[in-house]
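There are 2 protein chains.
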Amino acid sequence: MIDLDALATRVCAAIPLTTHLDFRFTAFDGERLTLTAPLAPNHNDKGTFFAGSQAALLTLAGWACTTLMADSAVGEGEASVDVVAVESSLQFRAPLHGDIEIRAWADDGESGRFHQRLKRRGKASLGILAQATDAQGVVVCEYQGLYLARTNNNDT
Amino acid sequence: MIDLDALATRVCAAIPLTTHLDFRFTAFDGERLTLTAPLAPNHNDKGTFFAGSQAALLTLAGWACTTLMADSAVGEGEASVDVVAVESSLQFRAPLHGDIEIRAWADDGESGRFHQRLKRRGKASLGILAQATDAQGVVVCEYQGLYLARTNNNDT
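Taken in sequence, the protein lines are chains W and S. Numbering-wise (this note's numbering), the first sequence opens with residue 218 and increments by one. Numbering-wise (this note's numbering), the second sequence opens with residue 218 and increments by one.
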């Protein structure tokens, strides 16, 4: 059972900017992570959700989704995993007038290959897709990210 | 003469997250904006510059560069301009172990067309390129963004 609040606490302790995003991980089903954050600390000059906050939250969601999948691949206590962002793209579809909800998941068919490579080679890349929606489920931003995971007991 | 400190104060007052990035606009020559931010409030779990902070700062640099060019196109006091991000891409080239310096500029040959369109139609898009470097000038992240500017006295 993954403790998402403990992961969020760990993230906030290690990455100071994330405390100001006021995010919360709300669910992870082994493949798909959801995250929410309120408008109030993340608004822009037009009163809508700041594109820079969306970019930071989507980057974080992709990182957390990759980290959780990497942790499950290497097994708890087996090795720690470092995950870094390699590249990302965002398309802002509509202004967001309220809180954000983000869903992030591994690109089609990549999770099996990612698990196998990470276990065998100690490092593997993972393509992440994500969508940001408003409270009505309207997609306001689409995201594609590439992340690299590496186990700490392996220097290849 | 553009007062970059006044612009930064306006940004921080309107966009609360930006106060936590601790950024400073350092120069604008009419086409190219530079911005700096320290590592301390922007580090990640590995002690390097958080990718989410880089994404937020690059988004902000592109927005500010577009806003400054739009302001000069419509003329001071003529009309206010709203600028929004449409899409962006980032490539993280290397970990950043210190403070960040960002240079943002209009994509080749786009500034003339942007000025003309914004004056004639009241709205225009602008492609922005940016690079984030370390203190030695090594490029750690490359950025491409598309922004849409719209004058407030025009509803087309």
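Quick reminder that beta carbons are idealized off the backbone N, C-alpha and C, glycines included.
Asked	Found
Endpoints, alpha helix (DSSP H) assigned at residue 381(W)	In the structure as shown, chain W starts at 218 and stops at 373, and residue 381(W) therefore has no counterpart that could be examined.
Sequence-distant residues of the same chain with beta carbon closer than 8 Å to residue 369(W), five excluded per side	296, 297, 298 and 299
Check whether residue 279(W) and residue 257(W) have beta carbons under 8 Å apart	no
Residue 291(S) - partner residues in DSSP beta bridges	Note: residue 291(S) sits in no beta bridge, so no partner.
Proximity to residue 334(W) [Cα-Cα], best of 367(W), 253(W) and 349(W)	367(W)
Chain S contact residues for residue 276(W), given Cβ-Cβ distances below 7 Å	268, 269 and 272
When 277(S), 262(S) and 245(S) are compared against residue 228(S), the one with the closest alpha-carbon	277(S)
Residue span of the beta strand (DSSP E) that contains residue 303(S), given as start and end	298 to 309
For residue 239(W), the nearest candidate out of 230(W), 259(W) and 304(W) (CA to CA)	259(W)
Which residues DSSP lists as bridging residue 356(S), in chain order	350(S)
Member of 351(W), 283(W) and 342(W) whose CA lies at the smallest distance from the CA of residue 312(W)	351(W)
Neighbourhood of residue 306(W) by C-beta, 6 Å cutoff - its chain only, sequence neighbours within 5 removed	361
Alpha carbon of residue 457(S) to alpha carbon of residue 267(W), nearest angstrom	In the structure as shown, chain S begins at 218 and stops at 373. Residue 457(S) is therefore absent and cannot be evaluated.
Residue 237(W), DSSP secondary structure in three states	helix
Cβ pair residue 285(W), residue 254(W) closer than 8 Å	no
Residues in the region 282 to 303 of chain S having any Cβ partner in chain W nearer than 8 Å	299, 301, 302 and 303
Alpha helix (DSSP H) segment containing residue 221(S), residue limits	221 to 231
Close-in-space but distant-in-sequence residues of the same chain around residue 291(S) (CB under 8 Å, 5 per side omitted)	298, 335, 336 and 368
Spatial distance of residue 287(W) from residue 236(W) (CA atoms)	24 Å
Interface partners of residue 232(S) on chain W, CB under 8 Å	260, 261, 262, 267 and 269
Residue 271(S) classed as buried or exposed, judged by whether at least 16 other C-beta atoms fall within 10 angstroms	buried
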